[in-house]
Amino acid sequence: MNRKSKIKSSMKNINLIVLSASLIFFFSCGGTDEADTVYQDLMNQGWVFFDNAQYDSALSRFTAARDYNIEPSEAYTARGWCYMKLDNLSAAASEFTLGSSALDPAAELYAGWAFTLNAQKSYASSNTQASQALLAAPNWIFPHALNLNADHLHLLKAENYFALGDYANSLVEVNTLTSFNVDVSTSGGQAALAAKIEQLKTTL
Numbered sequence: 004m005n006r007k008s009k010i011k012s013s014m015k016n017i018n019l020i021v022l023s024a025s026l027i028f029f030f031s032c033g034g035t036d037e038a039d040t041v042y043q044d045l046m047n048q049g050w051v052f053f054d055n056a057q058y059d060s061a062l063s064r065f066t067a068a069r070d071y072n073i074e075p076s077e078a079y080t081a082r083g084w085c086y087m088k089l090d091n092l093s094a095a096a097s098e099f100t101l102g103s104s105a106l107d108p109a110a111e112l113y114a115g116w117a118f119t120l121n122a123q124k125s126y127a128s129s130n131t132q133a134s135q136a137l138l139a140a141p142n143w144i145f146p147h148a149l150n151l152n153a154d155h156l157h158l159l160k161a162e163n164y165f166a167l168g169d170y171a172n173s174l175v176e177v178n179t180l181t182s183f184n185v186d187v188s189t190s191g192g193q194a195a196l197a198a199k200i201e202q203l204k205t206t207l
């Protein structure tokens, strides 16, 4: 093979390599877009079931989404909320823990985790997660059918502090919701604070 033929052959090989790399990039991008669409479709279906209190059906969709793409936190968050509504608190806590290490955990994860930990009587840890949720979204509103928002997180913190015997901080959280002044150093003031917390549970 002469020098000119060798050059042509080399250029042909280079062109084939470039073409192959371009095709791989093109199809991998298309695959990613398709995977994202499938994942989001499953999540949307799951939230429709969740909003209709069909938590087992919602859980199956969220599980399928998680199995399709294990990286985003949303599926773990959604599974945690489902398990919480199904009264499987240990499974809910496990999902929120996993989701906190996944991609882009949102306020919904920390809020759900806070409610779960409160139900498990882990009051200090519940406050930690409630604060994290409020830090991520000070005006948080749960975007689904449970009618929960930042006020409920402040009330949760008030309840947690009260359970921990930290009546002063419990009163601070109550006062983020309504003006209320009592002397929490007295048993009467503590009883009044407890009654106020219970009242707020029925009015928020």
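Sequential numbering from 4 applies to the sequence shown in our numbering. Beta carbons: idealized from backbone N, C-alpha and C, even for Gly.
Asked	Found
What span of residues does the alpha helix (DSSP H) with E201 cover, start to end?	S190 to T206
DSSP three-state label for N72, please.	coil
Per DSSP, what kind of secondary structure is V187 in: helix, strand or coil?	coil
Put N152 into one of helix, strand or coil per three-state DSSP.	strand
Looking only at its own chain, which residues have a Cβ that is under 7 Å from the Cβ of A105, when we skip the five neighbours before and after it?	E74, P75, S76 and Y79
Quick one: Cα of D54 to Cα of K88, how far?	12 Å
Is the Cβ-Cβ distance between A284 and L101 less than 8 Å?	Since the first and last residues shown for the chain are 4 and 207, residue 284 lies out of range.
With DSSP as the reference, label L106 as helix, strand or coil.	strand
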